[in-house]
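Asker: Quick one: the structure is below, questions incoming.
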Amino acid sequence: MARPVATIRRLTDWCPGDESARRFARGDASDVPLHASAHRPCSPRALLLIATTTLVVGSALALSAGMFIRYRFAVTTALLVSTSASWSPHSGHVRAATAVPSLPPPSGAVVTVSTEPQLQSAIRQLASNTTILIAPGTYQLTGTLYINGAYTNVAIRGSADDRDSVVLKGPGMNVAAYGEAPYGIWTGGNVQGITIANLTIRDFYYHPIIFNAGTQRPRVYNVQLIDAGQQFVKSNPDGAGGGVNDGVVEYSVIEYTTTARDSYVNGVDVHTGANWIVRDNVFRNLVAPPGGLAGPALLMWNHSSNTIAERNLFINCSRGISYGLEVAGFDHSGGIIRNNMIFRGAGQPGDVGIMVADSPNTQVLNNTVFLSGTYGTPIEYRFAGTQNVVIGNNLLDGAIWARDGATGVEAGNLAGAQASMFVDAAAGDLHLVASATSAIDRGLNSPAVTSDFDGQVRPQGSAYDIGADEFGATATAYRIGGRVADANGAAVASATVSLSGSQSQSTTSDATGSYAFSSLAAGGTYTVTPSKSGYTFTPTDAFFSGLGANQTANFTAVPTAPATPPGAALAIDVVASGDQTNASGRTLKTSTFSTAGGSELLLAFVTADDSPAGGTVVSSIAGGGLTWQLVRRTNAQVGTAEIWRAFAASRLSNVSVTATISSAQAGSITVVTFTGADPSGTNGSGAIGATGSGNAKAGAPTASLTTTRNNSWVFGVGNDWDHPASRTLGPNQAMVHEYMPSVGDTYWAQRMTSVTATSGTRVTINDTAPSGDRYNLTICEVLPASGATSPTPTPTPMPTPVAPTVTVTSPASGTTYTSPASMTVAASATANGGAMIAKVDFFAGTSAIGSDTTAPYSIAWSGVAAGTYSLTAVVTDNLGATTRSAPVTVTVNAPAPAPPPPPPGTTPSTAPLVQQASLQYLGSFAVPGTTLGSTYGFNAAGTGGLGTYAMAFNPARKSIFLGGHPYEQRVAELAIPASLTDTPTATALQNLIDPLEGKLNSINPTDPNSKVIGSALVYNNQLFIGAFSYYDGAATQTRSEFSRPLDLSSQGKVVGPVKIGDRYPGWVDKYAALIPPEWQAAFGGPALAGGTLGAINSLQSWGPSATVFDPAQVNGITTVAGATLLGYPYGTPLADTATGNQYLSQADFITGMVFPAGTRSVLFFGRHGLGSYCYGTGGTAGDCYDPDDGSKGIHSYPYRSQVWAYDANDLVAVKAGQKQSYQVMPYAVWQLDASFQDVQGVAYDSAAQRLYVSQVYADNTKPLIRVYQIVVP
């Protein structure tokens, strides 16, 4: 939306008389200049009147003569005014460079790690007062580094000060299949003091660093954060008015290499945090894809306070700093924003540079904001809650805008800044030059700002300079730059160029080989040194003494002989790749590369997508002027994986390789060049030994070969047609290149980590995960030159295969089930003689019932008819040997007869009502104790109003769907045990999986708070999910309902979200139930959805609610018809919550709804508070007596698990217009079970008339599923 641009009037050379000052005090004036003019001197009385009516928070500004105050309001607070300063201009001064000071050595225990498994182990065994010191290297994290518990003063640090030397790498910011690594570092519980320092964290789908409630005093120091899917540093609230306090982020770089994934991104995002300091950082390229607007790079909000943001540099960010964001009863308060430089180029659209929103008592001082005309008001303050704000000494290329009732003092600011005022505005260097006289010595002296962007003392002249830079006495800034190239003049990119001497900096050469150091102080001594692995440089460095002008230093990079694998002459020289996202063409092309010398083997690993009809192959390869020939191709499954070869007799310079495929497809090409390969034959034929191939419609990729020469090296290339999924490599293997487009397949090349010493060795290239996708895999052996290694010994004969062993471990022999039965059939299998398990097939008699290729080996067998079955498992290893297990026998009995029909003459309206005695407890079963592919499993499932709930019965498999830990919002499917004796543990038919495939946030994308999975319903072989915004203060959620297949592993088939009915989604998103067939005509649909209360109670129903709808309409349309038959709008609650009662309290959580067949009862289940309303801290000594809950919030102790029972006839009356939804009362309420209070959810089996209730926190931290028989009266 276009914003008005304010006009700042020029200073005039007059001082207000006493009457003007009085007008100022009354609020009659607009701009009141102050000037110590010889023509009209200011009277002391005039100055005093103005001074005593202008509020300055703290001791922010002292006016020097010659400036004016643009007021926004008048109060009686004294302002000290100095009129003694003069205006004499002065020249520049030397500006010190800001280097990253080294941290002191770690105190306490130190654990040094050098591999990813060691790092994960150190995290799991972390103790207080311990530092984990990480050796240089890149660590591909297999799981998030979770620090969750009671710890004091812990640290994760790179072992050196160079943050580039340690890289913690995630699956990719666009890779939704992130496995166990959605975040980089995660803290929570009770972490009192944590330091993260001297490292790089990059490529995570969510947050590289996330601090959760319970964490205090976090410090992020000298850390580089690159390419995050959402916020780079996220600090969460505890939901009860608290958060993470006393955080520090300093000397760090936060950036995107191109753009963010979408608009939901910030650099540092702090909710409800107090006393944070963010200083000396660089925020770069925090922008959304074209058409989007990213969030502020630094966002302090949701009742945060007293933040200091200083000496930060923002380059090409959509928005800069925001204290507060929305009207929230002081979204932020206090704090200071000072000495920051914010630059945005003319080609990068964006929004405001500095925003103060609903943040009283905030100071914005001495910042430079140059947005190149992309936004007319670079500094804004808005909303009526923004009071007592001081905005002074800021230099900007637009106007300051007071919006939506904000009030404050603007003083000493200079609008209309020009690029010519800065050292290098186009490059974001906003240091002043000597000619910027309108900013030099023209500021207001401010005790709150004693230094500048570079840490240099203010003032250097007669008065403060305006903006972030304080220009000094003698210095002029110069530049040293140049180019890094090879002997042929070709650019050498990514070379590290270091500057030492009077200032210390480091940069890298860009794609053209260029580099530059700017803002170098005159007279300094500097040494410039290039470096890059695999190269030497001429000259080795460049030395400049007494710098007095811009200088050029060019370097020639000379390749060195590549390092070779231990014990072998065969070595990799170059790896060059190229990827194609979609079917946009028929060519795949690598990046440009040069080889170290001649006599090198080149292998092209090419893999491409295809249609299910198949037929796509690589037609030809060209590049380097070489002849390319096919080594081997695998395309038995959809897609192709191919290896091609060529040989370069002489050195290649600035070449690329292009593969032409037979149809336009997505794909990837990787070229690897080898030194020390066998040069015999033609076009590299002498360097190729054995080859191998593997494919499967569903399995873990694997292919094997037997080596033919000592010290050969095995490489492979593959494609996965089903999913973009990161590979989990087999033992002793390394990834060469992996490409996972966000929608599509996976293309990769991998290798053994080193050469295979002995000829005749069986070598397998394999991935252990994913294990259920279609794949093609091609491998080959690369041979070293003859004579380059020790003589080849007599080949060792292949060992005689030793048969593997296998045993069926579940079910136990003799187990009985009821048809249609669902069971997990599992087996343990062991390979022998050095072989590996390839697969385990499962049989019922002679009929195959499933197969699994990864341990633990199991299948879900469902819909099993009545009968007796002999179950066996057959194991096959990778050498082809097989073994069949001993059989186990199970019996499936016919189901119990269905409930009798209603007595003759009975209609639904006269059906019986369910009473308390109708629910008879049968027993319970436990949920699995393992994590089922998640991080937390079912720990804390259903707690605290945060979900995940998602409980529903699946009649097709006699199973339940159930949500897991609230942090993960995943759902699993569990088989209901046949017997409840001794509280058995359910087996998982489907692991905990995100059922919405990353779409949960789409219910309310502008709301940054948590989103929660609420209701679940199985209907017409589809799973329906309702979801809600936990704290939707802005009431921006409009949709809630999704549908998807019951198979949670199916991808790309989630529909929604859609809106149900015309009310706020909180009325329909927390529980759901099917309507019995005999009632569907009267209700007008097959299902009910409901919701009660919530974090924003005024938006929800104040009592149980039910809206009738047809789930079949959840098919992509925007809104599904829905009629509210039960519900209590704000102002007409089910009961007065101020005093204790049996119907409703504001502490209630209703999480389940059931409409039993053969009855006219609609039942609601949840926790009810019987006591009076109280807000405050709980416990036995808090504001509210509540021994069950010591947190701060709403309390209504004591609590019980409760059933609210309604007569369906009343709901039909509402539908007929005979009653209002809020006029219906329960015919009964009762305690469900005295042994527990909290209910995660309820599932109902209408055929067996059984009720499954998930009891929260019953089994240690996990829920317990309690089973009740509904006895129809």
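Count the sequence shown with this note's numbering and you get residues 5 to 1277, in order. Glycine is no exception: its CB is placed at the ideal position from the N, C-alpha and C atoms.
#1: Going by other Cβ atoms of all chains shown within 10 Å of its Cβ, with 16 needed for buried, is Arg888 buried or exposed?
#2: Note down, in chain order, each residue of its chain lying with its Cβ closer than 6 Å to the Cβ of Thr876, except the 5 sequence neighbours on either side.
#3: By Cβ distance below 8 Å, which residues in the same chain neighbour Val1276 in space, the five residues on each side in sequence not counted?
#4: Just verifying my parser: in three-state terms, what is the DSSP assignment at Trp632?
#5: Can you name, in chain order, every residue of its own chain whose Cβ lies under 6 Å from the Cβ of Leu787, other than the five neighbours on each side?
#6: Starting from the C-beta of Ser1054, find all residues in its chain whose C-beta is less than 6 Å away, skip the five residues before and the five after it, and write them out in chain order.
#7: Can you give me the start and stop residues for the beta strand (DSSP E) that Ile769 sits inside?
#8: Would you check if the distance between the CB atom of Leu592 and the CB atom of Ala663 is smaller than 8 Å?
#9: Looking at the structure shown, is Ser1225 part of a helix, part of a strand, or coil, going by DSSP?
#10: Less than 8 Å between the C-beta atoms of Arg283 and Arg315, yes or no?
#11: Using a Cβ-Cβ cutoff of less than 6 Å, which residues in the same chain neighbour Thr857 once the five nearest sequence positions on both sides are dropped?
#12: Can you tell me whether Thr1128 is buried or exposed, with buried defined as 16 or more other CB within 10 angstroms of its CB?
#13: When you compare the stretch 1188 to 1199 with the stretch 1214 to 1229, are there three or more beta-carbon pairs, one atom per stretch, that lie closer than 8 Å?
#14: Helix, strand or coil for Thr674? Go by DSSP, reduced to three states.
#15: Just checking, does the stretch 822 to 830 make contact with the stretch 740 to 750 on the three C-beta pairs under 8 Å criterion?
#16: Do you know how far the Cα of Val331 is from the Cα of Glu362?
#17: Suppose contacts are defined by Cβ-Cβ distances below 8 Å. Is Thr511 in contact with Leu605 by that definition?
#18: Look at the alpha carbon of Thr1040 and the alpha carbon of Asn240, and state the distance between them as a whole number of angstroms.
#19: Between which two residues does the beta strand (DSSP E) carrying Glu414 extend?
#20: Quick one: residues in its chain with C-beta nearer than 6 Å to the C-beta of Ser913, no 5 flanking neighbours on either side, listed in chain order?
#21: Identify every residue that forms a DSSP beta bridge with Leu1052.
#22: Report the residue from Gly602, Ala626, Ser623 whose alpha carbon sits nearest the alpha carbon of Ser657.
#23: Measure the C-alpha to C-alpha separation of Phe1087 and Gly1126 and round it to an integer number of angstroms.
#24: Residues in its own chain within less than 6 Å of Asn226 by CB, not counting five upstream and five downstream?
#25: Could you spell out where the beta strand (DSSP E) holding Gln994 opens and where it closes?
#26: Could you name the residues of the same chain whose beta carbon sits closer than 7 Å to that of Ala1262, not counting the 5 residues immediately before and after it, in chain order?
#27: With DSSP run on the structure shown, which of helix, strand or coil describes Ala82?
#28: In whole angstroms, what is the alpha-carbon distance linking Pro1202 and Leu1255?
#29: Quick check: what's the CA-CA separation for Pro1081 versus Ile1029?
#30: Where does Glu732 sit, in a helix, a strand or coil, going by DSSP?
#31: Can you find the residues in the same chain that come closer than 7 Å, C-beta to C-beta, to Gly871, ignoring five residues on each side of it along the sequence?
#32: The beta strand (DSSP E) spanning Glu314 covers which residue range?
#33: Going by DSSP in three states, Met1218 sits in which element: helix, strand or coil?
#34: Below 8 Å, can you find three or more Cβ-Cβ pairs linking the stretch 1106 to 1113 to the stretch 1171 to 1186?
#35: Please state if the CB of Val286 and the CB of Trp280 are separated by a distance shorter than 8 Å.
#36: Using three-state DSSP, classify Thr914 as helix, strand or coil.
Answerer: Based on what the coordinates show:
#1: With a threshold of 16 other beta carbon atoms within 10 Å, Arg888 falls short and is exposed.
#2: Answer for Thr876: Phe847, Arg888, Ser889, Pro891, listed in chain order.
#3: For Val1276, same chain residues with a beta-carbon under 8 Å away, outside a window of 5 residues either side, are Pro903, Pro916, Val918, Ser922, Pro1160, Gly1162, Thr1163, Gln1253 in chain order.
#4: Note: Trp632 maps to coil in three-state DSSP.
#5: Correct list, in chain order: Asp682, Ala691, Gly693, Arg713, Ser716.
#6: Excluding residues up to 5 positions away in sequence, nothing lies with its Cβ nearer than 6 Å to the Cβ of Ser1054 in the same chain.
#7: According to the DSSP assignment, Ile769 belongs to the beta strand (DSSP E) that extends over 766 to 773.
#8: Contact: yes.
#9: Note: Ser1225 maps to helix in three-state DSSP.
#10: Note that the C-beta distance between Arg283 and Arg315 is below 8 Å.
#11: So the list reads Gly703, Ala704, Ser775, Lys843, once near-sequence residues are dropped.
#12: Buried is the label assigned to Thr1128, since at least 16 other Cβ atoms lie within 10 Å of its Cβ.
#13: Contact check between the stretch 1188 to 1199 and the stretch 1214 to 1229: fewer than three CB pairs, one atom from each, fall below 8 Å, which does not count as touching.
#14: DSSP places Thr674 in strand when its eight states are reduced to three.
#15: Look at the beta carbons and you see the stretch 822 to 830 not touching the stretch 740 to 750: under three pairs across the two are nearer than 8 Å.
#16: Note on residue identity: the sequence assigns Asp, not Glu, to residue 362. Roughly 6 Å between the two C-alpha positions.
#17: 8 Å or more divides the Cβ of Thr511 from the Cβ of Leu605.
#18: About 20 Å.
#19: Counting along the chain, the beta strand (DSSP E) containing Glu414 begins and ends at 412 to 415.
#20: Non-local beta-carbon contacts of Ser913 in its own chain, meaning distances under 6 Å to residues more than five positions away in sequence, involve Asn1213 in chain order.
#21: Leu1052 pairs with nothing; no bridge assigned.
#22: Minimum Cα distance to Ser657 is reached at Gly602.
#23: Taking C-alpha positions only, Phe1087 is separated from Gly1126 by approximately 11 Å.
#24: Excluding five sequence positions before and after Asn226, the CB atoms of its chain that fall closer than 6 Å to its own CB belong to Val104, Arg167, Ala201, Asn202, Tyr255, given in chain order.
#25: 991 to 997 is the extent of the beta strand (DSSP E) around Gln994.
#26: Hits under 7 Å: Phe1240, Leu1268.
#27: Summary for Ala82: the model assigns pLDDT 23, below 50, so the residue's position carries little reliability; its value from the coordinates is reported in the next sentence. Note: Ala82 maps to coil in three-state DSSP.
#28: The alpha-carbon atoms of Pro1202 and Leu1255 are separated by roughly 25 Å.
#29: Roughly 22 Å between the two C-alpha positions.
#30: For clarity, residue 732 is Thr in the given sequence; the question names Glu instead. Looking at Thr732 - three-state DSSP - the assignment turns out to be strand.
#31: Residues Val896 of the same chain have their beta carbon placed closer than 7 Å to that of Gly871, with the five preceding and five following residues left out of the count.
#32: Counting along the chain, Glu314 sits inside the beta strand (DSSP E) bounded by residues 312 to 314.
#33: Per the sequence presented here, residue 1218 reads as Val, with Met not at that position. Val1218: helix per DSSP, three-state reduction.
#34: Fewer than three beta-carbon pairs drawn from the stretch 1106 to 1113 and the stretch 1171 to 1186 are found closer than 8 Å, and the two stretches are therefore not classed as touching.
#35: In this structure, Val286 does not lie closer than 8 Å to Trp280 by Cβ.
#36: The three-state reading of DSSP puts Thr914 in helix, counting H, G and I together.
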